[in-house]
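**Student:** The opening residue of the sequence shown carries number 33 in our numbering; numbering runs sequentially from there.
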Amino acid sequence: MEETRKALCELFDEMLGNMRFFKKKTYEDFFKSAYDSHKDMIASLA
Numbered sequence: 033m034e035e036t037r038k039a040l041c042e043l044f045d046e047m048l049g050n051m052r053f054f055k056k057k058t059y060e061d062f063f064k065s066a067y068d069s070h071k072d073m074i075a076s077l078a
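Dropping the structure here:
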């Protein structure tokens, strides 16, 4: 379970890093809010 949680966190961290390449702020805000909500879900699974 711990390995799965770490893998998911790394995936979301990578996604957040990729957001820097988005040029449209609307998409960036959308993905950041989705990322934040999923980050909370992952933390609750830990």
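Glycine residues also receive a C-beta, built at the ideal position from the N, C-alpha and C atoms. Note that the coordinates shown come from a computational prediction; the quantities given were computed from them, not determined experimentally.
#1: How big is the Cα-Cα spacing for SER76 and PHE63?
#2: Alpha carbon to alpha carbon, how far is CYS41 from ASP72?
#3: With respect to the alpha helix (DSSP H) encompassing MET47, which residues constitute its N-terminal and C-terminal limits?
#4: By Cβ distance, which residues of its chain are closer than 7 Å to HIS28, with the 5 residues on each side in sequence left out?
**Tutor:** Reading it off the structure:
#1: Each residue's Cα considered, the two are about 20 Å apart.
#2: Rounded to the nearest angstrom, the two C-alpha atoms are 11 Å apart.
#3: For MET47, the uninterrupted alpha helix (DSSP H) segment begins and ends at 34 to 50.
#4: Because the chain is modelled from 33 through 78, residue 28 falls outside the range shown and cannot be assessed.
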